[in-house]
Amino acid sequence: MGQHRRGQADRGGNVRPDDATEAQIKAADPDASTWLSANAGSGKTRVLTDRVARLLLKGVSPQRVLCLTYTKAAASEMQNRLFGNLGEWAMMSDQKLYGRLNDLGLSATDIGPEKLRDARRLFAKAIETPGGLKIQTIHSFCAALLRRFPMEAGISPAFVEMDDRNAKLMRADLLEQIAQSHPETMAGLARYFSGSEIDTFLQELSGKRALFNRKPKSARFATAFGLPPTQDTAQALLNAAFTGAEKDLIARACPLLEAQSTTMVALAEKLRRIDLETPGIDDLQALYAAFLYKDQGAYKPEAKTKSVPTKKAQEALGELLPEFHEFMRRVADARSLEL
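For the sequence shown, this note's numbering gives the first residue as 14, with consecutive numbering after it.
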């Protein structure tokens, strides 16, 4: 607790902080808004503790200080370290306390008899603060907010936080229920998870509750799992894309496309392979490939009307172009029903 910061003595015998220590002192200055990024063990917790101490030395009331960390262990360490420092200050001689405050970043002109008295009183002041110093995790801070405003948050005022142990017991109970009521589901899970892996999976899954609040379309399930659409869904997709006029449209457009670039010749070949008499899902998939943009391996519900057909091919299609582009947009509409 009582270690001094590292530094080097100048010719006059005064200790000058090294570069790392100087950076820590600057980061602990409460008058500056600081974003700190550093490796593990490099002193981030100390900087945050020193920052709180310097706030208290400036006369800020302990109950007006809020310090948030990610873990309970970090919050506990910070609280112990801060109270340890304040407790030592209360018992130190003037000379030692002067050196400690100087190490903290206070200049010699800032450290007078009154500042030393204030520093010695901080321990008692922090101890007597109603509710104690607010050094807590982000989770506990959010829980405190919810307790103050339960109606606004839409939750019961009597809500209780679930700790890690009870959450694990609940997941174990859930697995037991699945094993009894749906043994085939449990057998399926067992093929992919073993030991504690399944609990880790359930823990991650429970954090994505919002994804299950809306009922996804059956077509989206089919696409996600590589399954063929149900009969009703398939018919809805086909109805969105095809009106019955496509056979005549493509029959008139293909000869015009085949007189253009090799890219347009390839497009015409794809279109000729489509069964426009009785189109099916495979035909629709082929049209996705011909007409829609792709993003990360998946077709977007957006037709490539700016580039398909090419500029010269668009001129060749003439009065057929609006109808051709409308067909492309209907294919995009069908794709949107799957998403």
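Ideal placement from N, C-alpha and C gives every residue a C-beta, glycine not left out.
Note that this is a predicted model, so its numbers are computed, not measured.
Item	Value
CB of Ala360 within 9 Å of CB of Leu270, strictly	With the chain covering 14 to 352 only, the question about residue 360 has no answer from this structure.
Those runs of the alpha helix (DSSP H) which lie wholly inside the segment 164 to 219 and span at least 4 residues	177 to 194, 196 to 205 and 210 to 219
Alpha helix (DSSP H) runs contained entirely in the segment 86 to 140, provided each spans 4 or more residues	107 to 117 and 126 to 140
Rounded separation between Pro292 and Tyr301 - CA only	13 Å
Three-state class that DSSP yields for Leu250 in the structure shown	helix
Cβ-based burial, His195 [other Cβ within 10 Å; buried from 16]	exposed
Residues near Glu90 by beta carbon distance below 7 Å, same chain, minus five either side	Thr58
Per-residue burial, Arg161 [other beta carbons within 10 Å of its own, 16 or more giving buried]	exposed
Burial state of Gln108 (16 or more Cβ within 10 Å)	exposed
Beta-carbon proximity check, Gly144 vs Gln76, cutoff 9 Å	yes
Residue span of the beta strand (DSSP E) that contains Thr82, given as start and end	Leu79 to Thr82
Residue span of the alpha helix (DSSP H) that contains Gln37, given as start and end	Asp32 to Ala40
Alpha-carbon spacing of Ser153 relative to Tyr111, whole angstroms	36 Å
Proximity below 9 Å, CB of Thr150 to CB of Asn98	no
Whole-Å CB distance - Ala41 paired with Arg64, under 8 Å assumed	5 Å
Run of the beta strand (DSSP E) containing Asp308, from where it starts to where it stops	Leu305 to Asp308
DSSP bridge partner residues for Tyr301 (one or two, in chain order)	Looking at the DSSP assignment, Tyr301 forms no beta bridge with any residue, so it has no partner.
Status (buried if at least 16 other CB within 10 Å, exposed otherwise) for Met277	buried
Ala347 versus Leu250: straight-line alpha-carbon distance, rounded	5 Å
Inter-residue CB distance, Leu159 and Ile168 (contact presumed, cutoff 8 Å)	6 Å
Same chain only: Cβ atoms within 7 Å of Ala166, ignoring 5 sequence neighbours per side	Leu159
Outcome for Arg84 when other beta-carbon atoms lying within 10 angstroms are tallied against a minimum of 16	In the sequence as displayed, the identity of residue 84 is Thr instead of Arg. When all chains shown are included, Thr84 counts as exposed.
Inter-residue spacing [alpha-carbon to alpha-carbon] between Lys283 and Phe304	11 Å
Burial state of Tyr3 (16 or more Cβ within 10 Å)	Any question about residue 3 goes unanswered here, given that the chain covers just 14 to 352.
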